[in-house]
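S.K.:
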Amino acid sequence: MLSEREIHYLAMNLVGKELEKEGFEFLSVNSKLKKNPQFVCLREKKLHFVLVRAILHPNDPNDYDVVFMQTMKEHAEKFEAKMYYAGVGLVNANDKTRPLVNGEPYIIDYNGLKEIV
Numbered sequence: 035m036l037s038e039r040e041i042h043y044l045a046m047n048l049v050g051k052e053l054e055k056e057g058f059e060f061l062s063v064n065s066k067l068k069k070n071p072q073f074v075c076l077r078e079k080k081l082h083f084v085l086v087r088a089i090l091h092p093n094d095p096n097d098y099d100v101v102f103m104q105t106m107k108e109h110a111e112k113f114e115a116k117m118y119y120a121g122v123g124l125v126n127a128n129d130k131t132r133p134l135v136n137g138e139p140y141i142i143d144y145n146g147l148k149e150i151v
């Protein structure tokens, strides 16, 4: 069974690859659980904070804690940064009722970065 940390790393890896592909330059990467934001990036001379969450089935990766996200947005604004949420849904591909297991396939539900405005 994958640990909470390994699941978090899966989500961060996916989001990190997308950020690279979209031309973001990493200034800081924080992979520790419960430390936010996970990515501090620069793109087009603008600072961006990205909060990554691994969300296990049956929870919706598009849902987030609005109050907490507002707190993070206020933190980002102190640095004149944009704030993004990246929810990555994960589920065991063989059986949605089973946990994620190393070596078994999984399904990703990821709809990209959501800017918090």
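Numbering (the working numbering), first residue to last: 35 to 151. We treat Cβ as the ideally placed atom computed from N, Cα and C, and that holds for glycine.
1. Note down, in chain order, each residue of its chain lying with its Cβ closer than 6 Å to the Cβ of residue 110, except the 5 sequence neighbours on either side.
2. Use the C-beta contact count for residue 127: other C-beta atoms within 10 angstroms, 16 or more gives buried, fewer gives exposed.
3. Using three-state DSSP, classify residue 44 as helix, strand or coil.
4. Quick check on DSSP: helix, strand or coil for residue 120?
5. Between the Cα of residue 93 and the Cα atoms of 144, 71 and 114, which residue gives the shortest distance?
6. Taking Cβ positions, are residue 74 and residue 62 nearer each other than 8 Å?
7. Name the residue from 67, 87 and 91 whose alpha carbon lies nearest to the alpha carbon of residue 39.
8. Judging by CA-CA distance, which residue of 103, 56, 125 and 54 is the nearest neighbour of residue 149?
9. So residue 88 is in the beta strand (DSSP E); what residue range does that whole segment cover?
10. By alpha-carbon positions, which one of 99, 71 and 58 ends up nearest to residue 77?
M.R.: On the basis of the supplied data:
1. For residue 110, where only same-chain residues beyond five positions count, the Cβ hits under 6 Å are 83 and 117.
2. exposed
3. helix
4. Correct three-state label for residue 120: strand.
5. Out of 144, 71 and 114, 144 has the C-alpha closest to the C-alpha of residue 93.
6. yes
7. Residue 67 is the option with its Cα nearest to residue 39.
8. 103
9. 80 to 90
10. Closest by C-alpha distance to residue 77, out of 99, 71 and 58, is 58.
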